[in-house]
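Participant: Before anything else, here's the structure in question.
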Amino acid sequence: MFKIFDTHAHYDDEAFDEDRDEIIASLKENGICAVTNIGSDLKSSRNTLDLIKKYDFFYGAVGVHPSEVGCLEEIGDDEKAIDEIRKMALSSDRVVAIGEIGLDYHYEDTNKELQQKWFRKQLRLARELNLPVVIHSRDAVADTIVIMENENAREVGGVIHCYSYTERSAMAFKRMGFYLGVGGVVTFSNGRKLKDTVKYIPLTKLVMETDCPYLAPQPYRGKRNNSTYLNHVAEAIAEIKELDIEDIYEEIWNNSLDLYRLRDKIKS
Numbered sequence: 018m019f020k021i022f023d024t025h026a027h028y029d030d031e032a033f034d035e036d037r038d039e040i041i042a043s044l045k046e047n048g049i050c051a052v053t054n055i056g057s058d059l060k061s062s063r064n065t066l067d068l069i070k071k072y073d074f075f076y077g078a079v080g081v082h083p084s085e086v087g088c089l090e091e092i093g094d095d096e097k098a099i100d101e102i103r104k105m106a107l108s109s110d111r112v113v114a115i116g117e118i119g120l121d122y123h124y125e126d127t128n129k130e131l132q133q134k135w136f137r138k139q140l141r142l143a144r145e146l147n148l149p150v151v152i153h154s155r156d157a158v159a160d161t162i163v164i165m166e167n168e169n170a171r172e173v174g175g176v177i178h179c180y181s182y183t184e185r186s187a188m189a190f191k192r193m194g195f196y197l198g199v200g201g202v203v204t205f206s207n208g209r210k211l212k213d214t215v216k217y218i219p220l221t222k223l224v225m226e227t228d229c230p231y232l233a234p235q236p237y238r239g240k241r242n243n244s245t246y247l248n249h250v251a252e253a254i255a256e257i258k259e260l261d262i263e264d265i266y267e268e269i270w271n272n273s274l275d276l277y278r279l280r281d282k283i284k285s
């Protein structure tokens, strides 16, 4: 039977409050053998710790999303703020990454300097702890690449979550050893840029993700997403790359284990 690793999910989100246990209980019977739940602020990172304690096939990433870095500023002491993330990262060997961190310039009132500051600090924490990073980058490709290069992100590696840039930018991330996260957008009729990137980039650098409850693939677009829908993402990748679906599942499962350094913990 095929194995699927959802490398980026938010099962702590309030969208799952009414049926979280039921949804998660259904995952294994649908081939979902591993999930990494991703923190987006301090609260959701703590919630992620609760999930990885409760479910034996869940892993976690802790960190603060660029749009949420105000919660770190509010602490009033930069080192104390970073120490909050450090303590969570060290609290369990099932915390496998720092994330999601990065830059998001989508909105006009974005404080770019503040986002860059905390992106750098969280990258440095990842290097200190020798953990890969989950990077959120939206409308900010140039600054993302510069900061990653300056902070030697290649030393820890990681994934560019919900990849949305060009093939050329993808090569820059590939040179730093990063994987590209591919989700529901690859099934959209208007997802041509991602489709072109998936065709161009070697399968060895791709992983699958939901970003659930967001970005459900066709035919569920606009509805609440969950990991059981990743078969549609796998089918789209197989069609684009003109490969057998079994090869897609096998390679991406192994890529996901390598991304989060879980080869010795999870059997292939």
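Going by our numbering, the first residue of the sequence shown is number 18, and it counts up by one from there. A virtual CB, placed ideally from N, CA and C, is assigned to each residue, including glycine.
Does the Cβ-Cβ distance between residue 25 and residue 226 come in under 7 Å?
Facilitator: Closer than 7 Å, so yes.
Participant: Rank 273, 75, 267, 49 by C-alpha distance to the C-alpha of residue 29 and give the top, closest one.
Facilitator: It is 75.
Participant: Since I believe residue 222 is in contact with residue 196 (beta carbons under 8 Å), could you give me their beta-carbon distance rounded to a whole number of angstroms?
Facilitator: Residue 196 to residue 222, Cβ: 5 Å. Contact.
Participant: Please look up how many angstroms separate the CB atoms of residue 170 and residue 140, rounded, as I've assumed it's under 8 Å.
Facilitator: Right, the Cβ-Cβ distance comes to about 6 Å (below 8 Å), so this counts as a contact.
Participant: Is residue 90 close to chain D? Criterion is C-beta to C-beta, closer than 7 Å.
Facilitator: No chain D appears in the structure shown, which is made up of a single protein chain.
Participant: Can we say the segment 146 to 156 touches the segment 173 to 189, given the rule of at least three CB pairs closer than 8 Å?
Facilitator: Because the criterion of three Cβ pairs below 8 Å is met, the segment 146 to 156 and the segment 173 to 189 touch.
Participant: Which same chain residues end up closer than 6 Å to residue 255 when comparing Cβ atoms and leaving out the 5 residues on each side of it in sequence?
Facilitator: The answer, listed in chain order, is 262, 265.
Participant: Return the chain-ordered ranges of every beta strand (DSSP E) run that is complete within the segment 38 to 121 and spans a minimum of 3 residues.
Facilitator: With a minimum length of 3 residues, the continuous beta strand (DSSP E) runs that stay inside the segment 38 to 121 are 49 to 55, 75 to 79, 112 to 121.
Participant: Work out the CA separation of residue 215 and residue 200 for me, nearest whole Å.
Facilitator: Looking at the two C-alpha atoms, the distance is approximately 11 Å.
Participant: Run through the DSSP bridge pairs and tell me what residue 178 is partnered with.
Facilitator: According to DSSP, residue 178 bridges with 153.
Participant: Which residue wins for smallest C-alpha separation from residue 88, given the options 56, 77, 69?
Facilitator: When each option's Cα is compared against that of residue 88, the closest is 56.
Participant: Between which two residues does the beta strand (DSSP E) carrying residue 26 extend?
Facilitator: 21 to 26 is the extent of the beta strand (DSSP E) around residue 26.
Participant: Would residue 238 and residue 230 qualify as a contact pair, given that the criterion is a beta-carbon distance under 7 Å?
Facilitator: Taking 7 Å as the Cβ cut-off, residue 238 and residue 230 do not qualify as a contacting pair.
Participant: Are residue 224 and residue 273 closer than 7 Å when you measure CB to CB?
Facilitator: Yes; because the gap between Cβ atoms is below 7 Å, this pair is in contact.
Participant: Per DSSP, residue 198 is paired with what?
Facilitator: Answer is 224, bridged to residue 198.
Participant: In angstroms, rounded to a whole number, what distance separates the CA positions of residue 45 and residue 54?
Facilitator: Their backbone Cα atoms lie some 15 Å apart in a straight line.
Participant: Is it the case that the Cβ atoms of residue 213 and residue 166 are separated by a distance below 7 Å?
Facilitator: Their beta carbons are not under 7 Å apart, which means residue 213 does not touch residue 166 by this criterion.
Participant: Could you check how far apart the C-beta atoms of residue 101 and residue 131 are, in whole angstroms? I think they sit under 8 Å.
Facilitator: No, residue 101 and residue 131 are not in contact; Cβ-Cβ is about 17 Å, not under 8 Å.
Participant: Can you say whether residue 52 is buried or exposed, counting buried as having 16 or more other CB atoms within 10 angstroms of its CB?
Facilitator: Answer is buried; the Cβ neighbour count reaches 16.
Participant: Hey, would you say residue 277 sits closer than 7 Å to residue 113, going by beta carbons?
Facilitator: Closer than 7 Å, so yes.
Participant: Taking all protein chains shown into account, decide if residue 73 is buried (16 or more other Cβ within 10 angstroms of its Cβ) or exposed.
Facilitator: Counting Cβ neighbours within 10 Å, residue 73 comes out exposed, since fewer than 16 surround it.
Participant: Counting only the same chain and skipping the five closest in sequence on each side, list residues whose C-beta sits under 8 Å from that of residue 69.
Facilitator: These residues qualify, in order along the chain: 54, 75, 76, 77, 109, 111, 112.
Participant: Hey, residue 158 and residue 186: beta-carbon distance below 7 Å or not?
Facilitator: Yes. Within cutoff.
Participant: Taking only the alpha-carbon atoms, compute the straight-line gap between residue 122 and residue 136 and give it to the nearest angstrom.
Facilitator: Straight-line Cα distance between these residues: approximately 13 Å.
Participant: Taking the alpha-carbon of residue 65 as reference, which of 207, 49, 115, 202 has the nearest alpha-carbon?
Facilitator: Here the closest residue by C-alpha is 115.
Participant: Return the CA-CA distance between residue 36 and residue 62, expressed in angstroms with no decimal places.
Facilitator: For residue 36 and residue 62, the distance between alpha carbons rounds to 20 Å.
Participant: Are residue 364 and residue 92 close, meaning C-beta to C-beta below 7 Å?
Facilitator: No answer is possible for residue 364: the residues shown for the chain start at 18 and end at 285.
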